[in-house]
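Chemist:
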Amino acid sequence: MMVVTVGGALVALEADEIIYGAIGLAGSLFGVATLFFLLNAPYVAVFQVAVYIGAVAVLILFTVMLVRQEKWAKEVRPTSLTRIAGIFTGAAITIAIAAAAYATNLAGFDSLGNTATFVDIGQLISTGDSPVLEVLALVLAASIVAALTLSRVDREDNPK
Amino acid sequence: MNSLADFVLVSAILFGIGIYGLVTKRNALRLLFAVEIMINAANLNFVAFEQYAPFAAAAVDNPVGQTFVLFSIALAAAEAAVILAIVVVAYRLHQDVDVSELKTLEG
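In the order they appear, the protein sequences are chains A and B. According to our numbering, the first sequence is numbered sequentially starting from 100. According to our numbering, the second sequence is numbered sequentially starting from 7.
1) Between which two residues does the alpha helix (DSSP H) harbouring A:Tyr142 extend?
2) Which same chain residues, not among the five before or five after B:Val93, have their C-beta less than 7 Å away from its C-beta?
3) Could you spell out where the alpha helix (DSSP H) holding A:Thr181 opens and where it closes?
4) What is the residue span of the alpha helix (DSSP H) that A:Gly107 lies within?
5) Using CA coordinates, which residue listed in B:Leu76, B:Ala96, B:Thr30, B:Ser9 is at the minimum distance from A:Arg182?
6) Would you be able to state if there are at least three C-beta pairs under 8 Å between the stretch 156-165 of chain A and the stretch 11-31 of chain B?
7) Under 8 Å between C-beta atoms, does B:Leu99 make it to chain A?
8) Kindly indicate the opening and closing residues of the alpha helix (DSSP H) around A:Glu116.
9) Out of B:Gln72, B:Leu90, B:Asn46, B:Lys109, state which residue places its alpha-carbon closest to the alpha-carbon of A:Ala245.
10) Give a yes or no on whether the minimum CB-CB distance between B:Lys109 and chain A is below 8 Å.
11) Nearest to B:Ile45 by CA position, among A:Ala206, A:Pro141, A:Val131, is which residue?
12) Return the CA-CA distance between A:Gly126 and A:Leu134, expressed in angstroms with no decimal places.
13) Assign A:Ser179 to one of two classes, buried (16 or more other C-beta atoms within 10 Å of its C-beta) or exposed (fewer than that).
14) Here's a check: name, in chain order, each residue in its chain whose Cβ is nearer than 8 Å to the Cβ of B:Leu37, leaving out the five neighbours to either side.
15) By the 9 Å beta-carbon criterion, what residues does the stretch 8-29 of chain B contribute toward chain A?
16) Would you say A:Ser179 lies against chain B (beta-carbon separation less than 8 Å)?
17) Is it true that the CB of A:Ala121 sits closer than 8 Å to the CB of B:Ile43?
18) Which one of A:Ser229, A:Gln222, A:Ala206 has the shortest CA to CA distance from B:Asp12?
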């Protein structure tokens, strides 16, 4: 699963065609969903598949396919200096976090195998975190209205 | 692969790949991919740290990590929709999705 997740992320960024990149991103998101299953979080995993792969990845795929333009696929290749800087920065951050994780006691922690059911999560969301849920609903509504407003086409020959 | 450090390692690799994409890519959609990968790395950490002792004992009755991830996924979906709309409008105005060419967005 680690291979699928990391490989999909690499394909998403390095595939020549952007449509293959979107498919690679969907694969990476699916890999993360399986990792959620391994972490005893099936509800989050199903939510990840439904929202990320079912909505976000498909939204990106449809946008790329419907607005099929050559310039979307055309990319300016990064210079070797930029590429080296990117690899160095990414590798440095990865190594720093991984070294910190293995240097501390993280490897010694055991999984207790706890599985919070969706009832527990639902109770937490609907009681303690209910203001957050309300704000999130408003943010989602605002983002949908903003996306529709942005992508609206003003027609000059608007029939009355 | 079943210790907390392993999951943190996967998360760190994903985050590093996302950073690499943000540094090297200029295509707006690739930047969106990179940001989504980094958000997933953060989500993975939330769930992983919730499931392992000594954090897990409190997580049975109070699954804050999973709740955070649910909120994060919903926010990321909203963010992706808005960014895609912005990219479509930018393409309509400039005939390009290369962010280094979008001069009118500069501050």
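All C-beta atoms, glycine included, are put in the ideal place defined by N, C-alpha and C.
Modeler: Quick look at the numbers:
1) DSSP places A:Tyr142 in the uninterrupted alpha helix (DSSP H) bounded by 141-146.
2) Within the same chain, B:Val93 has close Cβ partners Ala34, Leu35, Val103.
3) Its alpha helix (DSSP H) spans residues 179-202.
4) Following the DSSP letters along the chain, one finds A:Gly107 inside the alpha helix (DSSP H) bounded by residues 101-113.
5) Ranking B:Leu76, B:Ala96, B:Thr30, B:Ser9 by Cα distance to A:Arg182 puts B:Thr30 first.
6) Cβ pair count under 8 Å is below three, so no.
7) Closer than 8 Å to the CB of B:Leu99 there is not a single CB belonging to chain A.
8) Careful: A:Glu116 lies outside any alpha helix (DSSP H) and carries neither H nor E.
9) Of the residues B:Gln72, B:Leu90, B:Asn46, B:Lys109, the one whose Cα lies closest to the Cα of A:Ala245 is B:Leu90.
10) For B:Lys109, the answer is no, since every Cβ of chain A falls outside 8 Å of its Cβ.
11) Scanning A:Ala206, A:Pro141, A:Val131 for the CA closest to the CA of B:Ile45 turns up A:Val131.
12) Going by C-alpha positions, A:Gly126 is about 13 Å away from A:Leu134.
13) Exposed is the call here.
14) Once the five neighbours on either side are set aside, the close Cβ partners of B:Leu37 are Gly27, Leu28, Lys31, Val105.
15) Within the stretch 8-29 of chain B, the qualifying residues are Asn8, Ser9, Leu10, Ala11, Asp12, Phe13, Val14, Leu15, Val16, Ser17, Ala18, Ile19, Leu20, Phe21, Gly22, Ile23, Gly24, Ile25, Tyr26, Gly27, Leu28, Val29.
16) The beta carbon of A:Ser179 sits no closer than 8 Å to any beta carbon of chain B.
17) Against a cut-off of 8 Å, the Cβ pair of A:Ala121 and B:Ile43 comes out as no contact.
18) Selected option, being the one with the closest Cα: A:Ala206.
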